[in-house]
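Here's the structure we're looking at; comments come further down.
Protein chains in written order, with our numbering: chain L, 64 to 463; chain D, 64 to 463.
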């Protein structure tokens with residue numbers, strides 16, 4: 064029997080206990096041993112809960128219990144999660160976490176400690192909720208170099224953008240609806256400003272390119288400027304607007320960003336709607352791969368955590384991830400990457416403006432005193448120079 | 064240095080050598096050792112090829128070479144692949160194969176031999192070409208029971224159905240085009256009759272449900288009866304027609320089949336078009352997962368084979384798959400599974416027929432002396448009884 068402790072008995076943590084109890088036999092078969100949640104750490108009490116008698120308040124009761132060999136961390140944030148996880152690893156316990164903030168901020172150090180202590184530090188659930196993407200990246204995509212990794216990594220914003228596209232609502236109305244449905248938080252900034260997606264694409268990029276990416280280095284823009292008019296143009300062009308986290312290997316370096324993009328119908332992520340997430344992995348030999356599923360939610364995310372628990376039980380000798388080389392991946396300056404831009408320009412159709420942007424395709428919406436076009440490929444720096452000269456109402460990258 | 068031999072130097076086999084040479088450093092890093100193709104077995108000679116001097120005609124030169132530790136089998140078919148692979152496993156060599164016919168027919172025996180000899184028998188490339196699906200099923204989806212596994216598993220038929228939908232062509236014209244493009248073979252029956260998809264869903268179902276499925280037990284129907292008129296109705300209803308290989312756990316047993324289905328726009332496999340493949344995995348806790356990519360093609364398939372080679376190099380102690388329990392999975396009789404059916408009925412709109420089929424939704428096409436409807440859920444046995452009484456022109460299952 065393998066004894067397991069859960070740090071943080073909220074939504075995901077209680078989901079982990081549910082999955083472990085509900086699928087006990089199946090998991091024992093896969094793991095080669097029964098896995099029993101013996102203890103949860105939480106500040107609150109849980110009267111009436113199945114773990115009611117097993118709630119502790121002191122992390123040392125877990126760290127110093129030699130019988131607990133696997134710890135699940137589902138507290139979120141870095142304080143005190145970082146100290147707790149580090150203490151557990153140093154005590155020779157495997158740790159599986161769903162905490163993207165912790166992994167993005169302290170991944171290399173925690174992986175190095177895990178390596179030294181010959182235990183696992185695993186974080187399948189930190190990106191893409193229930194979607195297996197961390198383990199496929201590390202154990203399945205081993206025969207080809209990754210040229211691009213791009214994800215729809217935030218269910219809240221994807222729900223909002225999908226609703227805007229389908230219902231024609233404005234941003235503020237959709238945000239309110241998402242909050243009422245519990246998809247968006249009262250302070251929605253972590254989602255709508257792209258910070259959540261930024262940490263996730265930093266983790267994926269680190270794994271894809273083999274050197275750790277500092278999430279602070281990733282140019283990050285959220286969806287707050289996307290309007291119902293932008294959506295109307297996208298619909299007219301048969302395109303969709305999505306929030307992408309993306310890293311791409313180009314001739315002059317690796318570019319990474321979080322930003323809204325417009326994509327065509329033939330893009331593999333075009334049909335990823337609502338709260339669903341997906342990750343596209345591109346290589347020159349393997350072609351395009353895409354992994355799709357529930358990007359959040361108590362039980363899907365909990366199954367991802369438990370898949371790490373099973374992996375730790377099966378491979379108790381150490382981590383299947385990393386360690387990473389010293390130093391961080393130096394990203395190319397996002398402002399230099401050439402992209403095609405969707406542009407809305409105020410006023411009557413204006414040939415001079417079209418020429419200036421090298422526009423090939425023009426789109427008009429009924430009843431609007433403005434026009435839209437797709438630019439020639441140009442960097443953000445070049446674009447910025449033109450934005451000063453023409454009355455551009457909005458600009459959105461086109462992703463191929 | 065790990066020495067590797069390739070059995071069958073055709074499209075996939077030569078792709079494996081290309082991937083190993085092209086990505087040599089990356090693969091050495093992932094595998095922990097350099098992997099060198101030292102020998103290929105083929106009846107033909109390959110003058111001018113990089114492996115020109117390394118072609119052998121006698122399998123015993125490989126079986127009896129103690130320095131060759133990994134063998135890739137890309138011959139296809141079961142004769143002589145079965146004898147060769149068995150001999151290699153018995154000689155203590157790891158085998159990675161792309162051969163679905165071999166795995167579907169002899170998987171349990173070969174996995175048992177691999178287990179006994181403490182080597183790997185791996186077959187990532189046998190299903191879904193370059194898509195990682197075998198390893199995710201065995202090593203990632205370990206925390207929840209699979210309730211359904213459904214795939215678009217054959218690129219040829221998916222290309223044909225997509226072209227029929229997009230271009231409005233008839234079946235015969237599209238088959239000719241697919242043959243000209245090299246997507247369909249001169250004798251297309253393995254693809255269009257569903258036999259290829261049948262072997263693949265048998266392998267996936269075996270892994271998903273933990274007991275081997277005999278592909279001969281899977282009710283299999285191809286796409287040869289799908290007409291341009293069926294497609295026109297599907298388009299009018301906003302639906303798509305796909306060839307599914309599927310297994311579903313129901314209250315009365317596990318049902319498996321290969322057949323054309325109609326799906327709505329919100330189905331995760333709706334947007335899988337052209338030669339692309341995808342596999343949907345459904346569980347009660349993890350929700351829907353989907354794995355998408357190139358289902359065929361020399362290099363994508365070769366990267367999947369090489370990912371198995373890397374896995375064998377990293378885990379030389381034995382197979383990550385199986386072994387399977389004795390005996391085969393007894394499937395429920397497909398004719399008893401209740402489904403909603405799309406029905407085209409000859410003649411004027413006929414209320415008696417609609418009532419008989421419990422039809423809720425009626426569709427008419429301009430200029431056709433027929434009508435279409437969606438039936439109430441009923442088994443194929445019940446449907447067969449009604450087909451004798453009404454002039455049904457075509458019937459296609461609806462998949463939810």
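From the three backbone atoms N, C-alpha and C, an ideal C-beta is built for every residue, glycine too.
The structure displayed is predicted, hence computed values, not measured ones.
Check	Outcome
Simplified DSSP assignment, three categories, for residue 100 of chain D	strand
Sequence-distant residues of its chain with Cβ nearer than 8 Å to residue 65 of chain L (five each side left out)	94, 96, 97, 98, 99, 132, 133 and 376
Three-state secondary structure assigned by DSSP to residue 214 of chain D	strand
Cβ-Cβ separation, residue 284 of chain L to residue 323 of chain L (assumed contact under 8 Å), whole Å	7 Å
Any chain L beta carbon closer than 8 Å to residue 351 of chain D	yes
Any beta strand (DSSP E) of 3 or more consecutive residues that is wholly inside the segment 88-146 of chain L	98-104 and 131-136
Buried/exposed call for residue 326 of chain L, threshold 16 Cβ in 10 Å	buried
8 Å Cβ cutoff, residue 198 of chain D in contact with chain L	yes
Segment limits, beta strand (DSSP E) that includes residue 436 of chain L	433-437
Beta-carbon proximity check, residue 416 of chain L vs residue 453 of chain L, cutoff 8 Å	yes
Nearest to residue 258 of chain D (by Cα), restricted to the options D/138, D/163 and D/87	D/163
Residues near residue 347 of chain D by beta carbon distance below 8 Å, same chain, minus five either side	207, 208 and 210
The segment 297-314 of chain D in contact with the segment 148-159 of chain D per 3-pair CB rule at 8 Å	no
Supposed close pair residue 338 of chain L, residue 267 of chain L - CB separation, criterion 8 Å	That belief does not hold up - the Cβ atoms of residue 338 of chain L and residue 267 of chain L are roughly 19 Å apart, past 8 Å.
Identity of the residue in L/170, L/395 and L/281 nearest residue 256 of chain L by Cα	L/281
Chain D within 8 Å of residue 338 of chain L, Cβ atoms only	no
Element boundaries [beta strand (DSSP E), containing residue 262 of chain L]	Per DSSP, residue 262 of chain L belongs to no beta strand (DSSP E); it is in the alpha helix (DSSP H), 258-272.
Top-ranked residue by Cα proximity to residue 295 of chain D, from D/67, D/443, D/407 and D/111	D/407
In DSSP terms, what residue 339 of chain L is bridged to	L/357
Contact check, residue 137 of chain L vs residue 237 of chain L, beta carbons under 8 Å	no
Rounded straight-line distance, which links the Cα of residue 385 of chain D to that of residue 274 of chain D	9 Å
Rounded separation between residue 90 of chain L and residue 381 of chain D - CA only	21 Å
Residues bridged to residue 391 of chain L [DSSP beta-bridge criterion]	L/275
Helix, strand or coil at residue 291 of chain D [DSSP, three-state]	helix
Beta-bridge partners of residue 307 of chain L, as assigned by DSSP	L/322
Residues bridged to residue 209 of chain L (per DSSP)	L/346
CB-CB length for residue 290 of chain D against residue 246 of chain D, believed under 8 Å	Going by Cβ atoms, the distance from residue 290 of chain D to residue 246 of chain D rounds to 20 Å, so no, they are not a contact pair.
CB contact check: residue 85 of chain L to chain D, cutoff 8 Å	yes
Identity of the residue in L/374, L/193 and L/396 nearest residue 354 of chain D by Cα	L/193
is_contact[residue 464 of chain D, chain L] using C-beta, thresh 8 Å	The requested residue 464 of chain D does not occur in the structure, where chain D is confined to residues 64 to 463.
Local Cβ density within 10 Å of residue 115 of chain D, reported as buried at 16 or more and exposed below that	exposed
Cβ-based neighbour list, residue 231 of chain L, same chain, cut-off 8 Å, excluding 5 preceding and 5 following	291, 294 and 295
Burial state of residue 187 of chain D, where buried means 16 or more other Cβ atoms lie within 10 Å	buried
Minimum C-alpha distance to residue 374 of chain D - residue among D/195, D/413 and D/421	D/195
Pick from D/297, D/429, D/161 and D/92 that is closest to residue 185 of chain D, judged by C-alpha positions	D/161
DSSP three-state assignment for residue 415 of chain L, whether helix, strand or coil	helix
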